[in-house]
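Asks:
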Amino acid sequence: MTDETDISTANTMRERSGESRIKLWLLLRANRFLVSSILTSAVFVAFVIAVAALDPPFSRQIESGDMIDTMFSTMITVIVTGTTLVVTIGQLVLSQENGPLGDQRERMSSSMDVRDFTEELIGSPSPADPSEFLRQIIGITAQRTTALRESIDKNDNENLREEVDEFAESVTGNADTVRDQLEGAQFGSFDVLFAALNFNYSWKIFQVERLANEHEESLNEEERGLLDDLKTALSLFGPAREHVKTLYFQWALIDLSQMILYAAVPALAVAGIMVAIVDAGTFPGSTLGLDHIILIVGGAFAVTLVPFMLFVSYVLRIVTIAKRTLAIEPLILRESQR
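Reminder that position 14 of the sequence shown reads as 18 in this note's numbering, one-by-one numbering, no gaps.
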């Protein structure tokens, strides 16, 4: 087949991105506390090495000035300001859920309309669990793909049969993989959304449209209907995934606000202690050639950065997801997929 009619494509997000497994693990899969711990530890190590290696010696600098006071007084201001800002952002996100009764009624009505449509599509009540909700939509997509393949197998157009067979193999294989990933996944963790991102529905919708257009003369009424049914199922997955993504973003930002508030209290305490008590003579001696005062100041500086590192770790995941899901319709934004 030519490139224009090649309907096989990378399905999982990692395959579509063309980036390393480690990078995607850090950006998406890794626990956010682990990522923030790695970043904080990296800052601590870099601080200690730089301060110990550069001239003039650190102990001489703090003896001749008020560097510790200046450094941690600044950090107190940064912590208070940053914490207030992040919590304000969280409140703005939550404010979208507030509104007058009419708006809430319209919101409820729209949600129930989608659930009714989904119930009609899958032939059973729409699941309440987000992971199962997505699994059911993917399941009906796989069923309709199989039905399309069985119908096209009787078509006289050999090229159409080959294309649909390849397409069906890709869809059902991708569907089975994602359904396995969604099974038992609990909302609140990243597992549900990560699995949903691995179902490349937009490319599949494009291929359905292309098959219907390029082989219009070879398709009978039943086969066109099966293509339309498959497109309907795929088109429902898009807004369903976006809804789950939106809920996850709200959940994550609330978690982020809580974690930063928790981390800000000890960070402020450490910064205050450093300003009030610590000077050049507070921690004499050295270990392994490193002055104790360097280790203490570096450790305290790292602790005061914990709220910021939590912010960085959460925002890295959120902006990565947002960038990879900008288009809900069949638009290919990444160069690797064009």
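Every residue gets a Cβ at the ideal spot worked out from N, C-alpha and C, and that includes glycine.
#1: Looking at the strands, I want to know which residues DSSP matches up with residue 174.
#2: Assuming residue 260 and residue 90 are in contact, meaning their beta carbons sit under 8 Å apart, how far apart are those beta carbons, in whole angstroms?
#3: Going by DSSP in three states, residue 137 sits in which element: helix, strand or coil?
#4: So is residue 305 buried or exposed if we call it buried at 16+ other beta carbons inside 10 Å?
#5: According to DSSP, residue 193 sits in a beta bridge with which residue or residues?
#6: Does the count of Cβ pairs from the segment 134–154 and the segment 238–247 closer than 8 Å reach three?
#7: Can you list, in chain order, the residues of its chain with a C-beta nearer than 8 Å to that of residue 7? Leave out the 5 residues immediately preceding and following it.
#8: When we look at the beta-carbon of residue 135 and count the other beta-carbons within 10 Å, is it buried (16 or more) or exposed?
#9: Buried or exposed for residue 112, please, with buried defined as at least 16 other CB atoms from any protein chain shown within 10 angstroms of its CB.
#10: Using the C-alpha atoms, what's the distance from residue 70 back to residue 54?
#11: I'd like the span of the alpha helix (DSSP H) that includes residue 219, first residue to last.
#12: Output the boundary residues of the alpha helix (DSSP H) element that contains residue 285.
#13: Do residue 174 and residue 334 come within 8 Å of each other at the CB atom, strictly closer than that value?
#14: Here's a check: name, in chain order, each residue in its chain whose Cβ is nearer than 7 Å to the Cβ of residue 274, leaving out the five neighbours to either side.
#15: How about residue 4 and residue 215: are their beta carbons less than 8 Å apart?
#16: So residue 357 packs on residue 36, CB below 8 Å; how close in whole Å?
#17: Go through its chain and collect everything with a Cβ distance to residue 332's Cβ below 8 Å, but skip five positions before and after it.
#18: In angstroms with no decimal places, state the Cα-to-Cα distance between residue 310 and residue 24.
#19: With H, G and I counted as helix, E and B as strand and the rest as coil, what does DSSP make of residue 295?
#20: Could you work out which residue in 325, 221, 277 is closest to residue 253 when comparing CA atoms only?
#21: On the CB-based measure, 16 or more other CB atoms within 10 Å of its CB, does residue 163 come out buried or exposed?
#22: If I measure Cβ to Cβ from residue 290 and keep anything under 8 Å in the same chain, skipping five residues before and after, which residues do I get?
#23: For the alpha helix (DSSP H) that residue 327 lies in, which residues bound it at each end?
#24: Put residue 203 into one of helix, strand or coil per three-state DSSP.
#25: Return the first residue and the last residue of the alpha helix (DSSP H) that residue 42 is part of.
#26: Exposed or buried, what is residue 60 when buried is set at 16 or more other beta-carbons lying within 10 Å of its beta-carbon?
#27: Determine the DSSP secondary structure at residue 70, reduced to helix, strand or coil.
#28: Are any of the Cβ atoms in chain C nearer than 8 Å to that of residue 55?
#29: Are residue 152 and residue 179 touching if we call contact CB-CB under 8 Å?
#30: If the criterion is Cβ atoms closer than 8 Å, does the pair residue 97 and residue 257 meet it?
Replies: In short, the structure shows the following:
#1: Here residue 174 is taken as the residue at index 170 of the sequence shown, counted from 1. Answer by DSSP bridge pairing: none, since residue 174 is not bridged.
#2: Here residue 260 refers to the residue found at position 256 of the sequence shown. Here residue 90 refers to the residue found at position 86 of the sequence shown. Contact flag correct, Cβ pair sits at about 7 Å.
#3: Here residue 137 corresponds to residue number 133 of the sequence shown, with the count starting at 1. Note: residue 137 maps to helix in three-state DSSP.
#4: Along the sequence shown, one-based indexing puts residue 305 at 301. Counting Cβ neighbours within 10 Å, residue 305 comes out buried, since at least 16 surround it.
#5: As a first step, residue 193 must be located in the sequence shown, where it is residue number 189. 191, per the DSSP bridge assignment.
#6: yes
#7: Translated into the one-based positions of the sequence shown, residue 7 becomes position 3. Note that residue 7 scores 43 on pLDDT, short of 50, meaning its location in the model is unreliable and no value can be drawn from it.
#8: Locating residue 135 in the sequence shown gives position 131, where the first residue counts as 1. By the 10 Å Cβ count, residue 135 comes out buried.
#9: Taking the first residue of the sequence shown as 1, we reach residue 112 at position 108. By the neighbour-count rule (16 or more Cβ atoms within 10 Å), residue 112 is not buried but exposed.
#10: On the sequence shown, position 50 is the one that residue 54 refers to. On the sequence shown, position 66 is the one that residue 70 refers to. Roughly 20 Å separates the two Cα atoms.
#11: On the sequence shown, position 215 is the one that residue 219 refers to. Element bounds for residue 219: n/a, residue is neither H nor E.
#12: Indexing the sequence shown from 1 puts residue 285 at position 281. Segment: none, residue 285 is in no alpha helix (DSSP H) and carries neither H nor E.
#13: Your numbering for residue 334 matches position 330 in the sequence shown. Your numbering for residue 174 matches position 170 in the sequence shown. Not a contact, by the Cβ cut-off of 8 Å.
#14: Position 270 of the sequence shown, counted from the first residue, corresponds to residue 274. Counting only Cβ-Cβ distances below 7 Å, and skipping sequence neighbours, we find 304, 307, 308.
#15: Any answer about residue 4 is impossible in this case: the structure gives the chain only from 5 up to 342.
#16: Given that the chain is displayed from residue 5 to residue 342, the structure contains no residue 357 and the question cannot be resolved.
#17: As a working note, residue 332 is residue 328 in the sequence shown. Here the set comprises 206, 242, 243, 246.
#18: Position 306 of the sequence shown, counting from 1, holds the residue named residue 310. Position 20 of the sequence shown, counting from 1, holds the residue named residue 24. When rounded, the distance between both Cα atoms is 27 Å.
#19: Residue 295 sits at position 291 when you count from the first residue of the sequence shown. Three-state result, residue 295: strand.
#20: Taking the sequence shown and counting its residues from 1, the one referred to as residue 253 is at position 249. Cα-wise, what sits closest to residue 253 is 325.
#21: To locate residue 163, count along the sequence shown from 1; it is residue 159. Counting Cβ neighbours within 10 Å, residue 163 comes out exposed, since fewer than 16 surround it.
#22: Position 286 of the sequence shown holds residue 290. Hits under 8 Å: 296.
#23: In the sequence shown, the residue the question calls residue 327 occupies position 323. First-last of the alpha helix (DSSP H) with residue 327: 310–328.
#24: To locate residue 203, count along the sequence shown from 1; it is residue 199. Of the three classes helix, strand and coil, the one that applies to residue 203 here is coil, per DSSP.
#25: On the sequence shown, residue 42 is found 38 positions in, with the first residue counted as 1. 36–57 is the extent of the alpha helix (DSSP H) around residue 42.
#26: Working through the sequence shown from its first residue, we reach residue 60 at position 56. Exposed, since its Cβ has fewer than 16 Cβ neighbours within 10 Å.
#27: Here the question's residue 70 lines up with position 66 in the sequence shown. Three-state result, residue 70: coil.
#28: Among the chains in the structure shown there is no chain C, since it carries only a single protein chain.
#29: On the sequence shown, residue 152 is found 148 positions in, with the first residue counted as 1. On the sequence shown, residue 179 is found 175 positions in, with the first residue counted as 1. No.
#30: Counted from its first residue, the sequence shown places residue 97 at position 93. Counted from its first residue, the sequence shown places residue 257 at position 253. Yes, the pair counts as a contact, with Cβ atoms nearer than the cut-off.
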